[in-house]
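**Student:**
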Amino acid sequence: GDSVTQTEGLVTLTEGLPVMLNCTYQTIYSNPFLFWYVQHLNESPRLLLKSFTDNKRTEHQGFHATLHKSSSSFHLQKSSAQLSDSALYYCALSVSSGSWQLIFGSGTQLTVMP
Amino acid sequence: NSKVIQTPRYLVKGQGQKAKMRCIPEKGHPVVFWYQQNKNNEFKFLINFQNQEVLQQIDMTEKRFSAECPSNSPCSLEIQSSEAGDSALYLCASSLPGQGIYEQYFGPGTRLTVL
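Top to bottom, those sequences are chains A and B.
Mapped onto our numbering, the consecutive letters of the first sequence carry residue numbers 28 to 141.
Mapped onto our numbering, the consecutive letters of the second sequence carry residue numbers 55 to 169.
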């Protein structure tokens with residue numbers, strides 16, 4: 028079945044350093060839709076990025092990601108981490124199987140230290 | 055910012071009691087999803103609707119859970135007989151499909167605690 032893998036459960040880094048959170052997916056469908064959601068403590072997930080176009084960079088609020096269908100990846104990056112970026116980050120997949128449900132990865136807890 | 059409204063924000067029930075939560079999707083969004091996020095932050099899709107029709111629901115939803123999205127009324131998710139394992143954050147999301155992409159916007163959630 029369809030699945031999303033986030034290899035890092037916990038990422039801790041110092042303010043100002045670059046961020047890269049990994050996301051790979053598996054699906055039999057040729058036109059997947061990939062999303063990054065961010066969830067701050069005691070809040071609900073908020074859509075950060077979305078993409079369905081192969082090899083096209085998408086950017087929002089300083090974060091960017093590129094969908095690479097050849098490697099089934101959609102890694103999240105930011106050039107310089109801020110303290111306010113500390114949160115849970117989820118990569119999610121949606122496919123045209125009829126329900127369009129989001130299939131979430133296990134999440135990566137990003138902690139940015141001063 | 056999401057304009058999905060969920061009530062109540064917190065719900066405390068005893069085992070065997072009914073638990074009902076509501077969701078008003080963002081205006082103009084015809085598709086509504088319900089997810090359960092457990093204490094380990096894992097998400098489980100429960101059910102979704104397009105207008106008033108069920109698109110898909112999982113087995114769990116078919117047994118103790120019931121849901122509906124009547125026209126001109128909030129959508130609702132009800133657990134007929136709550137169990138301790140139902141304690142979780144229940145998230146409603148709405149979507150306006152465009153270009154074939156169903157990006158989903160989440161409400162604040164209803165946190166259910168079953169004692």
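C-beta: ideal position from N, C-alpha, C; glycine also.
Would you mind sorting residue 102/B into buried or exposed? The rule is 16 or more other CB atoms within 10 Å of its CB.
**Tutor:** buried
**Student:** For residue 74/A, which residues in the same chain have their Cβ closer than 7 Å to its Cβ, ignoring the five residues on either side in sequence?
**Tutor:** Once the five neighbours on either side are set aside, the close Cβ partners of residue 74/A are 62, 64.
**Student:** Looking at the structure shown, is residue 148/B part of a helix, part of a strand, or coil, going by DSSP?
**Tutor:** strand
**Student:** Between the C-alpha atoms of residue 144/B and residue 97/B, what's the straight-line distance to the nearest angstrom?
**Tutor:** 9 Å
**Student:** Going along the chain, which residues of the segment 90-108 of chain A sit with their C-beta nearer than 8 Å to a C-beta in chain B?
**Tutor:** none
**Student:** Across the segment 119-128 of chain B and the segment 80-95 of chain A, are there enough close Cβ pairs to call them in contact, namely three or more that are closer than 8 Å?
**Tutor:** Judged by Cβ distances under 8 Å, the segment 119-128 of chain B makes no contact with the segment 80-95 of chain A, as fewer than three pairs qualify.
**Student:** Could you give the first and the last residue of the continuous beta strand (DSSP E) run that contains residue 108/A?
**Tutor:** No beta strand (DSSP E) contains residue 108/A, which DSSP labels as neither H nor E.
**Student:** Quickly, what does DSSP pair residue 14/A with across the bridge? List them, please.
**Tutor:** Any question about residue 14/A goes unanswered here, given that chain A covers just 28 to 141.
**Student:** Skipping 5 residues on each side, what residues in its chain have a beta carbon closer than 6 Å to that of residue 138/A?
**Tutor:** 39, 113
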